[in-house]
Every structure is written in C-alpha cells, then in structure tokens.
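Student: For the sequence shown, numbering that gives the first Met the number 0 assigns the number 0 to the initial residue and increments by one for each residue that follows. Cβ coordinates follow ideal geometry from the N, Cα and C atoms, glycine included.
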Amino acid sequence: MEIISWLEQNKEQFFKLSDQIWELAEPSFGEYESSELQASFLEDKGFDVKRGIAEIPTAFVASYGKGKPIIAILGEYDALPGLSQKAVPYKEPIEGKDYGHGCQHNLLGTAGVAAVVTLKEYMEKNGIKGTIRYYGCPAEEAGSGKTFMVKAGVFDDVDVSLCWHPGDMTGVWGMNVLAVYSVLFRFKGRAAHAAADPYHGRSALDAVELMNVGANYLREHIIPEARIHYVITKGGGQPNVVPPEAEVWYYVRAPKISQVDEIYQRLIKVAKGAALMTETEVEIIFLEGNSNLLMNRTLEKIIQNNLEKVGPPIFDDNDTDFARKIRKTISPEQLESSISFMAKLGWITEKQKEEFKQKLFFDMVAPHVPTDLALPGSTDVGDVSWVTPTSQFLITTQTLGTPGHSWQNVAQAGTTIGKKGMIQAAKVFVLTALELFTDQKKLEEVRKEFEEKIRNEPYKCPIPDGTKPKIKPRPVKK
Ligand SMILES: [Zn+2]
C-alpha cells in the first residue's frame, strides 16, 4: 500500500525522535523535554497541539482533521530509575545518568507520533473525514498518568483508542490485567523515651505492625486471584524513641476494580482497628489506581487482521549479531519463563516451545487468542478502556527472553532492533485507523460491543476526588 511505503521512506525522522527520547530517559511525571520534543514535532507537522492537559504539564494532545469519528493513539515516554545503559550488547551504564528506557517507552510513544503523521499525510491527500489524535500520556511506570487524564475527561469524545507495547513477541493483546489501588497508611502516635517513660508513648510503629498482622489474616478470606502487598516506608528513627510517626504503603490487586474496592474497604477497617488498639491516629492517603481492561474483541480482530498484513519486523545481520550477544546475557530460566508465558497466552503451542527457545526473535504474528485470564500486573491503559473502546498489541523490539525493565531492554530500545519494531507498530496503527475512518459499519460494531459491556458494568474511576498527580518539579537548566 502506498501509504505504508511513504512511512518506510520517511522513517529516519522517527528513528531520530525515538533516539532523542531514549537519550533523555526522564522519570514519570518529569518528562518535560521528551513530551515537548513530541509536541513541537507534531506542531511543526501542522497538528493542533494542546499542552498541559488534565493539569499535568507533561501531558498533551495533538489533533488533525475535523469532526467524527475521533480516533486516538496513546503514547508514553517515561523511563525507569537504576537502568542507565548504553546501546551496547553488554552491561555498561551511561556515566552520570540514572534513568533508562527499560520499558522501551521511547519506541512506544514515537510509534504513535509516526502513525499520526502518516495518517495526516494520507487523509489530506484523499480527503478522509474525521479526526486523528495523538495523546502524550506521562507516568505509566509510576503515577497512573492516564487514569488522571481519564478523570479529567480528556478522552470523553473519543470513538476508539489504540495502543501498543514493545516486547519480545508480536500479537494482539487478548488478555486482561489486574486492577490495583496504591495507598499509604500514615499513623501518628506520641513520642516518649523508650526506657525512661515508654508508658507515656503511643507507638505508631506498633500500629503499622498490627495493621500488617491484620492484613495477613485478611488474606485467607479474600478471593484467591487477589494480591495484597506492602512495604514499611517509615518505621521510626532509633530504638530509644517510641516512634511518633510510621507509615506503610499498600497495593491491593484483583481481576476487577470492584473486587479491589471491596478488599480495600476491609483493609481500611484493619487500619482503623490498629489505630484503635494502639491509641494512634491513621491518615489514609490514596496515591493512584488502575482499572482492569474492558476488552473489545471486535477491535482486537480488526487489529489482528492488520497485524497479519504488516507482519513482524525483518531484522538484518547487524540486528541478529546484536541480539545473539544480548541472548548470551539472558539466563535459561528467563528464556524459559518468556516462552512459557507465550504458551500460556496461547500464542505458541506446547509443542512449539522447544523450537522457539532456539530462535533469536519471535518471527511470526501470533494467533488471536481472547482469554479471560488476567496477567498478574496492572496498567493505566485499563482506565482508558472504560471510557472509549481500546485494544492493544505487541510488536517484537527485543530478542526472545529479554526480561522486562532490564538493561538489555534499554540497550535494544536504542538500536535498529527496537526502531524496526516501532515502525511496524506505526503501520498497524495506520491501517487500523484508516479502516475505522472509512468503514462505518466496523466502527459501529466496535462501539456496540463497548456500549453493551459498559451498560452491564458502569465505570467508576478509582481515583477519589481531590487526589492530585505527583508531578515532579521542572529541572533547573544548568
Ligand atoms: Zn511499559
């Protein structure tokens, strides 16, 4: 198709943009330069850009076109701490740098940018009606940027949203994720000399410990798919002072947001009980929350069809050589767990497992396997899927077995292995958006599935009113 070859011929500018964001590697809610790079890039291409949407300085939306339908592509650009790494196939951090693109969000966001630029090119030439939007979504790794954006209503008029994630396989995401709440419990007691007059003290640390005991008893009486995990973030200063302040940070996860909420209400009772027992006070600080995904099987099928047309990325000798060196740093257990996950998804058969262990790359498009299983993890794409039909896919941007959030991930995101996958992702976006722009019946089918599901189970945003995103201050220019 002509438009796909246009994208191939013009890909260098997107390679460059991806590399710039890879080098910047900024933290969640601190992606000032990365978001500005994309926003001004799109502005230069003639997009109407609104910065600082949802009161988040690093969130923006870029639009082109007029009226309905409105098709949105979601992009991310935040990096991870402790993962500074050069684009080399051995572990070597970049001096003076802490963050690295360990989840390859430099590719994730730039594929969306490439797709909307390509779509604008085609829509202009061919007089296609409708609006294409790119949403610059900050803080996926920590902070739930999209959930705050959903709460602010920025997706309310969108007809369909599309999303992808870089990975070590290529296929449509047909599996759910767990919904999650992230909450701090801060206890306040009374300080005292722990030897001289402990009886005057009221230990906030006691309250944290008793709360944890209560939560651990609660585990037996919740659904087995749920997860409760915690860390003590403040436990006192030194043993001769009865701790006047202590704090514990909890995650509650379950397949459905309603189940998370039910467990959370019981956890609040545990916290209040601990405060009552210890004569302390508890303050509950809700940090963030993500819903599970509202799957849209109709949209998944459309994407699958386009993914098959586009195919997996084709790698050359340089890429293969790089991947072979990376593979040597990956343990057999890591490879095994990656391959087993593919089998669990139904993307390869049990029989194919041995064959795939020998491959450097996942070199096909996986079959579409819708499943009600939930991946034991969470994403803020979940909330978007409750306000607009949303589906996701994966494209190979790394050698098989590459662990998530690893230096190997960072390294490959800075090479042509990552960038070739990124361009394939952009192509899938382009074909899918065009199909939805031009085939009204298909768009209606996608919307119908969404509306039927949402009618049975209306959306409730997990973030309570008044909760603010944890924006990082803009770094001072040296
Ligand atoms: Zn990610």
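Could you give the DSSP three-state label for F46: helix, strand or coil?
Tutor: coil
Student: Looking at the strands, I want to know which residues DSSP matches up with C162.
Tutor: Paired residues: Q391.
Student: According to DSSP, is N175 helix, strand or coil?
Tutor: strand
Student: With 16 other CB atoms within 10 Å as the buried threshold, where does T370 fall?
Tutor: exposed
Student: As a quick check of your reading: which residues have a C-beta less than 6 angstroms from at least one non-hydrogen atom of ligand 1, in chain order?
Tutor: That query returns the following residues: C102, H104, E139 and H164.
Student: What is the C-beta distance between T396 and M421, in whole angstroms, given that I count them as a contact (C-beta under 8 angstroms)?
Tutor: 7 angstroms
Student: Whole angstroms is fine: what's the gap from F360's alpha carbon to K187's?
Tutor: 54 angstroms
Student: What residues are listed by DSSP as bridge partners for C136?
Tutor: E75
Student: According to DSSP, is I302 helix, strand or coil?
Tutor: helix
Student: CB A203 to CB A245, shorter than 9 angstroms?
Tutor: yes
Student: Once you ignore the five residues that flank Q351 on each side, which residues in its own chain have a CB closer than 8 angstroms to its CB?
Tutor: A342
Student: Measuring straight from C-alpha to C-alpha, what distance separates S290 and A53?
Tutor: 18 angstroms
Student: In the DSSP assignment, find the alpha helix (DSSP H) that holds V281 and state where it starts and stops.
Tutor: Per DSSP, V281 belongs to no alpha helix (DSSP H); it is in the beta strand (DSSP E), E280 to N289.
Student: If the criterion is Cβ atoms closer than 9 angstroms, does the pair E224 and A373 meet it?
Tutor: Yes.
Student: W248 and Y263 - do their beta-carbons sit closer together than 9 angstroms?
Tutor: no
Student: Just how far apart, CA to CA, sit T169 and D77?
Tutor: 22 angstroms
Student: So for R201, helix, strand or coil by DSSP?
Tutor: strand
Student: Checking the sheet assignment: what are the DSSP bridge partners for A245?
Tutor: Partner(s): F186.
Student: Between the C-alpha atoms of T130 and K300, what's the straight-line distance to the nearest angstrom?
Tutor: Each residue's alpha carbon lies about 22 angstroms from the other.
Student: Anyone know if the C-beta pair for W406 and G99 falls short of 9 angstroms?
Tutor: yes
Student: Given F428, which residues of its chain have a CB within under 6 angstroms of its CB, disregarding the five upstream and five downstream residues?
Tutor: I72, A114 and L161
Student: In terms of alpha-carbon separation, which member of G101, G135, M294 and P472 lies closest to V368?
Tutor: For V368, the closest alpha carbon among the candidates G101, G135, M294 and P472 is that of M294.
Student: Taking the C-alpha atoms as reference points, what is the distance between L266 and I470?
Tutor: 27 angstroms
Student: Drop a sphere of 10 angstroms on the beta-carbon of K440, count the other beta-carbons inside from all chains shown, and report buried for 16 or more, exposed for fewer.
Tutor: exposed
Student: Among P243, N125, F154 and N211, whose alpha-carbon lies nearest the alpha-carbon of Y480?
Tutor: This structure cannot speak to residue 480, because the chain is shown only from 0 to 477.
Student: May I ask you to report which of helix, strand or coil DSSP gives G413?
Tutor: coil
Student: Roughly how many whole angstroms lie between the Cα atoms of R50 and F59?
Tutor: If you take the alpha carbons of R50 and F59, they lie about 4 angstroms apart.
Student: Since S62 is in the beta strand (DSSP E), which residue starts that stretch and which ends it?
Tutor: Where S62 is concerned, the enclosing beta strand (DSSP E) stretches over F59 to K65.
Student: Starting from S181, follow its DSSP beta bridges and name the residues at the other end.
Tutor: Y250 and E287
Student: Just to confirm, are P402 and I55 a CB contact at a threshold of 9 angstroms?
Tutor: Not in contact: P402 and I55 (Cβ atoms no closer than 9 angstroms).
Student: Would the stretch 270-280 count as touching the stretch 173-186 if we require 3 or more Cβ pairs under 8 angstroms?
Tutor: yes
Student: Assign Q103 to buried or exposed, taking buried as 16 or more other Cβ atoms, counted over all protein chains shown, within 10 Å of its Cβ.
Tutor: buried
Student: Would you kindly work out how many angstroms separate the C-alpha atoms of R446 and T387, rounded to a whole number?
Tutor: 8 angstroms
Student: Does DSSP put K459 in a helix, a strand or coil?
Tutor: In the structure shown, the three-state DSSP call for K459 is coil.
Student: Please name the residue in G152, L23, G111 and V116 whose C-alpha comes closest to that of I93.
Tutor: L23
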